[in-house]
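There are 2 protein chains.
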Amino acid sequence: MSGPVAADKSASEPPVTAAGRLSPPGPATIYDIAQLAGVNPSTVSRALSTPGRTSAATEARIRAAAAQLNFRANPIARALHSGRTRTLALIVADITNPVAFGIVRGAEQAASARDYSLVIAESQESGEAEAGTIHRILPGVDGLILATTRLPSQRIIELGTRTPVVLINRAVEGVPAVLPDIERGVSQLLDHLGALGHSSIAFLSGPADSWINARRSEHLMVAAVRAELELVEIGPNSPTITGGRATLRQVLAAGPTAVVAFNDLMAIGLMQAAASEGVRVPGDLSVVGFDDIFASDLITPPLTTIRAQGVSAGQRAVDHLLERLEGVEMERAPTGLLETALVIRESTGPARPGGAPR
Amino acid sequence: MSGPVAADKSASEPPVTAAGRLSPPGPATIYDIAQLAGVNPSTVSRALSTPGRTSAATEARIRAAAAQLNFRANPIARALHSGRTRTLALIVADITNPVAFGIVRGAEQAASARDYSLVIAESQESGEAEAGTIHRILPGVDGLILATTRLPSQRIIELGTRTPVVLINRAVEGVPAVLPDIERGVSQLLDHLGALGHSSIAFLSGPADSWINARRSEHLMVAAVRAELELVEIGPNSPTITGGRATLRQVLAAGPTAVVAFNDLMAIGLMQAAASEGVRVPGDLSVVGFDDIFASDLITPPLTTIRAQGVSAGQRAVDHLLERLEGVEMERAPTGLLETALVIRESTGPARPGGAPR
DNA sequence: TTGTAGGCGTTATCAG
DNA sequence: CTGATAACGCCTACAA
Chain A
1 MSGPVAADKS ASEPPVTAAG RLSPPGPATI YDIAQLAGVN PSTVSRALST PGRTSAATEA
61 RIRAAAAQLN FRANPIARAL HSGRTRTLAL IVADITNPVA FGIVRGAEQA ASARDYSLVI
121 AESQESGEAE AGTIHRILPG VDGLILATTR LPSQRIIELG TRTPVVLINR AVEGVPAVLP
181 DIERGVSQLL DHLGALGHSS IAFLSGPADS WINARRSEHL MVAAVRAELE LVEIGPNSPT
241 ITGGRATLRQ VLAAGPTAVV AFNDLMAIGL MQAAASEGVR VPGDLSVVGF DDIFASDLIT
301 PPLTTIRAQG VSAGQRAVDH LLERLEGVEM ERAPTGLLET ALVIRESTGP ARPGGAPR
Chain B
1 MSGPVAADKS ASEPPVTAAG RLSPPGPATI YDIAQLAGVN PSTVSRALST PGRTSAATEA
61 RIRAAAAQLN FRANPIARAL HSGRTRTLAL IVADITNPVA FGIVRGAEQA ASARDYSLVI
121 AESQESGEAE AGTIHRILPG VDGLILATTR LPSQRIIELG TRTPVVLINR AVEGVPAVLP
181 DIERGVSQLL DHLGALGHSS IAFLSGPADS WINARRSEHL MVAAVRAELE LVEIGPNSPT
241 ITGGRATLRQ VLAAGPTAVV AFNDLMAIGL MQAAASEGVR VPGDLSVVGF DDIFASDLIT
301 PPLTTIRAQG VSAGQRAVDH LLERLEGVEM ERAPTGLLET ALVIRESTGP ARPGGAPR
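Taken in sequence, the protein lines are chains A and B. The letter at position 300 of the first sequence is residue 300 when you use the working numbering, and the numbering goes up by one with no holes. The letter at position 291 of the second sequence is residue 291 when you use the working numbering, and the numbering goes up by one with no holes.
Right, dumping it as structure tokens:
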């Protein structure tokens with residue numbers, strides 16, 4: 001018996017054979033096409049998936065039949081054989097965090113441009129939920145993008161041995177990653193603050209276990225030393241508006257003339273708290289964020305921030321994966337760091353001597 | 001020959017048989033477990049997927065072997081047989097549009113709570129791209145959620161005959177949908193505006209072919225008549241900040257004391273334009289939006305808006321699909337409309353007699 | 001160039 | 001209660 005369905009069909013009984021799919025109960029298969037074109041199913045497969053390996057005439061006949069039947073190869077059957085699902089997964093910590101949007105969009109665009117689908121999942125809280133989610137999703141995808149993951153390095157490395165993995169905003173030995181060139185944006189920032197006469201700066205740090213937080217802090221330190229500016233770090237803090245709001249008291253106590261927050265959300269929170277306490281921004285205190293999320297240019301005053309290229313990060317991560325999966329060079333160079341740049345808006349201004357009034 | 005691999009294994013040659021997977025090249029299969037537990041592969045399948053249909057002893061032995069081999073049933077092989085992938089697709093017009101965030105999050109949460117994966121795709125521009133995307137994704141998913149789709153009703157109906165479909169913010173005869181109860185929010189709004197002394201209102205409409213735009217306009221009309229308020233419609237407009245900004249001139253010409261925009265983005269744009277022209281909000285002009293996106297409460301003044309429950313919409317859409325797919329009643333009632341509610345903030349205030357200064 | 005005959009991993013049916 | 005066997009739809013040696 002050649003194919004699963006062919007038997008029913010070659011049986012000479014017409015529509016009577018309710019089991020046969022003469023009025024197809026589902027999508028057409030290569031068996032349907034084979035029958036219509038009068039060839040063997042394997043020939044159909046060849047004609048459709050490896051063009052040039054059948055005679056032009058048969059191929060034409062097969063294509064015609066396929067078109068007539070509105071045929072689409074079942075990706076699952078194909079995946080079972082090839083082990084490839086043409087699906088990629090993107091795991092983000094928090095979908096509603098504006099920084100994730102750009103990444104999601106970039107990844108989706110790059111994937112669909114290559115006819116891949118994108119599964120997205122949220123790793124809500126800590127690493128345990130994330131591990132479970134990954135475990136669930138893994139067998140159905142060809143590769144994994146971990147954006148701001150909370151997983152310990154060891155697990156990431158293990159994961160990398162079992163499936164192609166690309167990290168965003170996190171560096172782990174031996175695992176490819178898309179990372180920002182924080183240095184450039186930071187040095188632009190310190191130039192900017194220096195030119196405005198600031199000499200005492202506070203950094204509102206984010207989560208203690210965040211790789212990107214450590215890098216931002218680190219680069220700020222180095223650049224501050226080089227620029228001969230004082231830098232104090234306040235934190236760790238929750239990387240949210242609420243987290244930023246809660247830091248005002250400490251900020252006022254420390255008495256800097258400018259504050260750099262771990263991200264825009266915290267910067268926005270700090271500005272809200274400042275406004276309600278009568279601390280003027282940038283009159284009394286300059287405020288800077290990281291990311292340049294949606295809303296950063298809508299608030300009052302518009303926020304000066306170091307922009308991260310979320311869309312590009314998502315695209316590159318996908319391209320990276322695709323290169324490994326298909327062995328093809330992609331146009332967007334997936335190597336090198338992603339540039340960051342200072343976006344100067346109105347939350348930074350000349351330093352107020354002595355810092356904000358307490 | 002019983003199973004694809006069993007033959008190699010029962011051949012009495014040890015590790016020599018390089019073809020056999022004695023040091024497994026991939027994940028463990030039920031054949032590996034069968035061998036380890038000394039039973040038939042079909043028994044393994046039964047023990048693992050239909051508990052209670054094997055003796056407790058065998059089941060225990062099989063489970064132990066499965067655990068030892070770190071076995072996970074291959075979802076693709078399972079899908080090939082069952083036709084079910086445990087994957088749902090969510091198509092949104094624009095991922096970076098803040099209204100989509102809530103929907104995506106809600107859908108992802110509801111799906112993963114039921115061990116389903118969520119594929120998301122963006123339908124960028126017009127319906128043609130969307131149709132192509134759906135075509136690509138369809139064979140790999142069990143159901144489809146179309147959020148603010150641009151597809152013509154006819155295609156949606158066709159789609160619905162081939163696969164379970166749930167719409168968000170769009171009603172099509174015979175296709176289940178998650179829709180907002182616009183009436184409630186709108187009547188609250190008109191009460192609010194009436195109480196503030198407004199009698200002349202403008203509605204800044206969105207895209208002409210948007211179902212939700214038509215409903216918002218319609219309900220506003222009805223409520224305005226009932227409340228004996230004048231209502232003029234200005235549009236259609238692009239549902240963006242830029243689109244909103246561009247309407248200021250027409251608004252001033254029409255001379256209303258309050259403006260209701262199709263969405264928050266447009267309301268924000270209008271307020272920006274107003275600010276730069278010296279028109280005070282709400283002093284000279286009250287402004288209201290729809291959706292309550294992230295940023296609406298961060299801008300100055302914070303925007304009064306009619307909140308749409310994006311997260312709930314996403315959850316309900318998934319629950320709806322799941323009910324049809326699994327025949328199980330979900331806890332979140334997927335019937336009935338989703339409540340909208342007026343969120344009063346500071347962009348609305350007492351009417352200025354005669355409207356904004358021109 | 002085309003047909004034949006498995007195999008991918010799982011589930012379902014049918015015997016025993 | 002368990003084993004054998006045949007699908008699910010596609011792909012690919014191998015043979016003709």
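Cβ atoms here follow ideal geometry from the backbone N, Cα and C, with glycine treated the same way.
What residues in its chain sit with their C-beta under 7 Å from that of Ala-356(B), if we drop five residues either side in the sequence? Translated into the one-based positions of the second sequence, residue 356(B) becomes position 356. Only Leu-252, Val-279, Asp-284, Leu-285 meet the Cβ criterion.
Could you please give the first and the last residue of the uninterrupted alpha helix (DSSP H) stretch that includes Ser-276(B)? Position 276 of the second sequence, counted from the start, is the residue given in the question as residue 276(B). Looking at the DSSP string, the run of the alpha helix (DSSP H) that includes Ser-276(B) is 264-276.
Residues of the region 69-88 of chain A in Cβ contact with chain B at a cutoff of 9 Å, in chain order, please. Of all residues in the region 69-88 of chain A, Arg-72, Ala-73, Asn-74, Pro-75, Ile-76, Ala-77, Ala-79, Leu-80, Gly-83, Thr-85, Arg-86, Thr-87 have a Cβ within less than 9 Å of some Cβ in chain B.
Of the residues Ile-134(A), Ala-131(A), Arg-155(A), Leu-167(A), the one placed nearest Leu-146(A), counting alpha carbons only: The residue labelled residue 146(A) in the question sits at position 146 within the first sequence. Looking at the Cα atoms, Leu-167(A) is the closest of the given residues.
Test: Thr-370(B) CB closer than 8 Å to a CB of chain A: Nothing in the structure corresponds to residue 370(B), since chain B is present only between 1 and 358.
Just to confirm before moving on: does the CB-CB distance between Leu-69(B) and Ile-33(B) stay below 8 Å? Here residue 69(B) refers to the residue found at position 69 of the second sequence. Here residue 33(B) refers to the residue found at position 33 of the second sequence. The answer is yes: Cβ separation under 8 Å.
Examine chain A for any beta-carbon lying closer than 8 Å to the beta-carbon of Arg-21(B), and answer yes or no. Taking the second sequence and counting its residues from 1, one reaches residue 21(B) at position 21. Confidence at Arg-21(B) is low in this model, with a pLDDT of 42, below 50, so the placement of that residue should be treated as unreliable; the coordinate-derived value is given next. At least 8 Å separates the CB of Arg-21(B) from every CB of chain A.
Alpha carbon to alpha carbon, what distance is there between His-198(B) and Ala-214(B)? Position 214 of the second sequence, counting from 1, holds the residue named residue 214(B). Position 198 of the second sequence, counting from 1, holds the residue named residue 198(B). Each residue's Cα considered, the two are about 23 Å apart.
Neighbour list for Ser-42(A) in chain B, Cβ cutoff strictly below 9 Å: Taking the first residue of the first sequence as 1, we reach residue 42(A) at position 42. From the beta-carbon of Ser-42(A), no residue of chain B is found nearer than 9 Å; the closest lies around 18 Å away.
Three-pair Cβ contact test at 8 Å for the region 100-119 of chain A versus the region 335-347 of chain A: Output reads no: the region 335-347 of chain A does not touch the region 100-119 of chain A.
In angstroms, rounded to a whole number, what distance separates the CA positions of Gly-127(B) and Arg-84(A)? Working through the second sequence from its first residue, we reach residue 127(B) at position 127. Working through the first sequence from its first residue, we reach residue 84(A) at position 84. Cα to Cα, the separation comes out at about 29 Å.
Since Thr-58(B) contacts Ala-65(B) with CB under 8 Å, what's their CB separation in whole angstroms? Reading the second sequence from its first residue, position 58 is the one you call residue 58(B). Reading the second sequence from its first residue, position 65 is the one you call residue 65(B). Your pair Thr-58(B) and Ala-65(B) does not check out as a contact, with CB atoms roughly 10 Å apart and the cut at 8 Å.
Just to confirm the assignment, what range does the alpha helix (DSSP H) spanning Thr-133(B) have? For the purposes of this step, residue 133(B) is taken as the residue at position 133 of the second sequence. Annotation: the continuous alpha helix (DSSP H) that includes Thr-133(B) extends over 127-137.
Under DSSP, the beta strand (DSSP E) around Val-260(A) begins and ends at which residues? Walking along the first sequence from the start, residue 260(A) turns up at place 260. Per DSSP, the continuous beta strand (DSSP E) segment holding Val-260(A) begins and ends at 258-261.
For Ser-42(B), which of helix, strand or coil comes out of DSSP? Along the second sequence, one-based indexing puts residue 42(B) at 42. The answer is helix: DSSP assigns Ser-42(B) an H, G or I state.
Along the chain, where does the beta strand (DSSP E) containing Gly-243(A) start, and where does it finish? Looking up residue 243(A) in the first sequence gives position 243. Counting along the chain, Gly-243(A) falls outside any beta strand (DSSP E), though it belongs to the alpha helix (DSSP H) covering 241-245.
Check whether the region 231-243 of chain B and the region 263-271 of chain B touch, using three or more Cβ-Cβ pairs below 8 Å as the test. Per the Cβ contact rule, the region 231-243 of chain B is in contact with the region 263-271 of chain B (3 or more Cβ pairs under 8 Å).
Give, in chain order, every unbroken run of the beta strand (DSSP E) that is at least 3 residues long and sits entirely within the region 287-342 of chain A. Listed in chain order, the complete beta strand (DSSP E) runs (minimum 3 residues) inside the region 287-342 of chain A are 304-307.
Within 8 Å, strictly: CB atoms of Ile-306(A) and Gly-194(A): Within the first sequence, the letter at position 306 stands for residue 306(A). Within the first sequence, the letter at position 194 stands for residue 194(A). It is not a contact, given that the beta carbons lie outside the stated cut-off.
What is the DSSP secondary structure of Asp-209(B), reduced to helix, strand or coil? The residue you call residue 209(B) lines up with position 209 of the second sequence. DSSP places Asp-209(B) outside both helix and strand once states are collapsed to three, so it counts as coil.
How many whole angstroms separate the CB atoms of Arg-136(A) and Thr-257(A), which I take to be in contact at a CB cut-off of 8 Å? The residue you call residue 136(A) lines up with position 136 of the first sequence. The residue you call residue 257(A) lines up with position 257 of the first sequence. Contact between Arg-136(A) and Thr-257(A) is ruled out by a C-beta separation of about 50 Å, above the 8 Å threshold.
Measure the beta-carbon distance from Val-281(A) to Met-271(A) and round it to whole angstroms, keeping in mind my assumption that it falls under 8 Å. In the first sequence, the residue the question calls residue 281(A) occupies position 281. In the first sequence, the residue the question calls residue 271(A) occupies position 271. Going by Cβ atoms, the distance from Val-281(A) to Met-271(A) rounds to 5 Å, so yes, they are a contact pair.
Taking only runs of the alpha helix (DSSP H) that begin and end inside the region 66-154 of chain A, which ones reach a length of at least 4 residues, in chain order? Whole alpha helix (DSSP H) segments, 4+ residues: 75-82, 98-113, 127-137.
Assign Ile-344(A) to one of three DSSP states: helix, strand, or coil. To locate residue 344(A), count along the first sequence from 1; it is residue 344. In this structure, Ile-344(A) counts as coil in the three-state DSSP scheme.
Could you tell me the boundaries of the alpha helix (DSSP H) in which Glu-183(A) lies? Within the first sequence, the letter at position 183 stands for residue 183(A). Looking at the DSSP string, the run of the alpha helix (DSSP H) that includes Glu-183(A) is 182-195.
Under DSSP, the beta strand (DSSP E) around Val-232(B) begins and ends at which residues? Sequence index remark: in the second sequence, residue 232(B) carries index 232 (1-based). Run containing Val-232(B): 230-234, per the beta strand (DSSP E) assignment.
According to DSSP, simplified to helix, strand and coil, what is Val-279(B)? By one-based count along the second sequence, residue 279(B) stands at place 279. Coil, per DSSP.
Could you please give me the residues that DSSP links to Ile-168(A) through a beta bridge? Counting from one through the first sequence, the residue named residue 168(A) turns up at place 168. DSSP lists Ala-147(A), Val-178(A) as the beta-bridge partner residues of Ile-168(A).
Where Ser-55(B) falls, given that 16 or more other Cβ within 10 Å makes a residue buried: Reading the second sequence from its first residue, position 55 is the one you call residue 55(B). Answer is exposed; the Cβ neighbour count stays below 16.
Assigned secondary structure, Ala-47(A) (DSSP; H/G/I helix, E/B strand, else coil): For the purposes of this step, residue 47(A) is identified with residue 47 of the first sequence, where counting begins at 1. Residue state, collapsed to three classes: helix.
Given that a residue counts as buried once 16 or more other Cβ atoms are within 10 Å of its Cβ, and exposed if not, what is Pro-350(B)? Residue mapping note: residue 350(B) aligns to position 350 of the second sequence, counting from 1. It counts as exposed.
Grab me the residues of Leu-36(A)'s own chain with a C-beta within less than 6 Å of its C-beta, minus the 5 sequence neighbours each way, in chain order. Translated into positions along the first sequence, residue 36(A) becomes position 36. Apart from sequence neighbours up to five positions away, the residues of its chain that approach Leu-36(A) with a beta-carbon distance below 6 Å are Ala-65, ordered along the chain.
Pairwise C-alpha distance: Ile-156(A) and Arg-162(A): Position 162 of the first sequence, counted from the first residue, corresponds to residue 162(A). Position 156 of the first sequence, counted from the first residue, corresponds to residue 156(A). About 10 Å.
Could you tell me if Val-328(A) is buried or exposed, where buried requires 16 or more neighbouring beta carbons within 10 angstroms of its beta carbon? Taking the first residue of the first sequence as 1, we reach residue 328(A) at position 328. Val-328(A) is exposed by the Cβ-count criterion.
What residue from Val-222(B), Arg-216(B), Ala-202(B), Pro-207(B) has the CA that sits closest to Leu-231(B)'s CA? On the second sequence, residue 231(B) is found 231 positions in, with the first residue counted as 1. Of the listed residues, the one whose Cα sits closest to Leu-231(B) is Ala-202(B).
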